[in-house]
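A.B. asks: The structure's right below; bear with me while I get my questions together.
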């Protein structure tokens, strides 16, 4: 199942995230196994420091590159030469000549810095080094500031989203602007497995002959 982004790119709606997955054997095995069981959207980031192992797993999977959707994230707000260097390092580690989705990982408190970073992202998109560009952890005011100077509207905003943090005002704004919302932490960062939502979700799960994680993932889609 895919989500069509505003530029027509199809993004798989279910993906595997690699936050807190250590570089090396852990990241390699996680991604390799995910691909073997059918995942086609792999999410990593420069901050995670595991792009090399993610790239190794994708390479060794034997799956054609065009069938895998790779998301990675720019880790900071640096000078233009540094931003170019970081992007090239990501390509090298991931062993690809393009990224499907490139995100600004976190907003800066200074809107001008965000705007400058976004201008670099726009150049990558225009040069066809990325298939789609977006942001992560941006709220409405960050996006409004960004679009004061943007020539290309973000295609995705990746935020923490689950029944315990429904982000209703942000969701409404993104829908109005045609920006896809993408969830991280959909299982409440493991909270769902600790039973913090008690009988409410359990009752829904029993009614539909499903597990609580299945109910939450369905809610998110």
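In the working numbering, the protein residues as written are 295 to 515. Every residue, glycine too, gets a C-beta built ideally from N, C-alpha and C.
Considering only the beta carbon of each residue, do residue 448 and residue 429 sit closer than 8 Å?
C.D. replies: Reading the chain shown from its first residue, position 154 is the one you call residue 448. Reading the chain shown from its first residue, position 135 is the one you call residue 429. Cβ atoms of residue 448 and residue 429: closer than 8 Å.
A.B. asks: Does the Cβ of residue 375 have 16 or more other Cβ atoms within 10 Å, making it buried, or fewer, making it exposed?
C.D. replies: Taking the chain shown and counting its residues from 1, the one referred to as residue 375 is at position 81. Its Cβ having fewer than 16 others within 10 Å, residue 375 is exposed.
A.B. asks: Indicate whether residue 403 and residue 368 have their beta-carbon atoms separated by less than 8 Å.
C.D. replies: As a first step, residue 403 must be located in the chain shown, where it is residue number 109. As a first step, residue 368 must be located in the chain shown, where it is residue number 74. Cβ distance not < 8 Å, so residue 403 and residue 368 don't count as in contact.
A.B. asks: Suppose only complete runs of 4+ residues qualify. What are the alpha helix (DSSP H) ranges in the region 366-423, listed by chain order?
C.D. replies: Taking only runs of at least 4 residues, the alpha helix (DSSP H) segments lying wholly in the region 366-423 are 374-388 and 405-420.
A.B. asks: Could you give the distance in angstroms between the alpha-carbon of residue 318 and the alpha-carbon of residue 342?
C.D. replies: Against the chain shown, residue 318 aligns to sequence position 24. Against the chain shown, residue 342 aligns to sequence position 48. Cα to Cα, the separation comes out at about 12 Å.
A.B. asks: Is the beta carbon of residue 336 sitting closer than 8 Å to the one on residue 352?
C.D. replies: On the chain shown, position 42 is the one that residue 336 refers to. On the chain shown, position 58 is the one that residue 352 refers to. It is a contact, given that the beta carbons lie within the stated cut-off.
A.B. asks: Please confirm if the region 295-314 is in contact with the region 461-474, defined as three or more CB-CB distances below 8 Å between the two stretches.
C.D. replies: Yes, they touch.
A.B. asks: Could you check whether residue 365 and residue 394 sit closer than 8 Å to each other, using their CB atoms as the reference points?
C.D. replies: Walking along the chain shown from the start, residue 394 turns up at place 100. Walking along the chain shown from the start, residue 365 turns up at place 71. Taking 8 Å as the Cβ cut-off, residue 394 and residue 365 qualify as a contacting pair.
A.B. asks: Do the region 433-445 and the region 459-471 meet, that is, are 3 or more Cβ pairs less than 8 Å apart?
C.D. replies: Yes: the two stretches touch, three or more of their Cβ pairs being nearer than 8 Å.
A.B. asks: From the DSSP output, in three-state form, read off residue 433 for me.
C.D. replies: For the purposes of this step, residue 433 is taken as the residue at position 139 of the chain shown. Coil.
A.B. asks: Under DSSP, the beta strand (DSSP E) around residue 304 begins and ends at which residues?
C.D. replies: Counting from 1 along the chain shown, the entry for residue 304 is found at position 10. First-last of the beta strand (DSSP E) with residue 304: 304-306.
A.B. asks: In chain order, what residues of the same chain have a beta carbon less than 6 Å from the beta carbon of residue 443, not counting five sequence neighbours either side?
C.D. replies: In the chain shown, residue 443 corresponds to position 149, counting from 1. The answer, listed in chain order, is 409.
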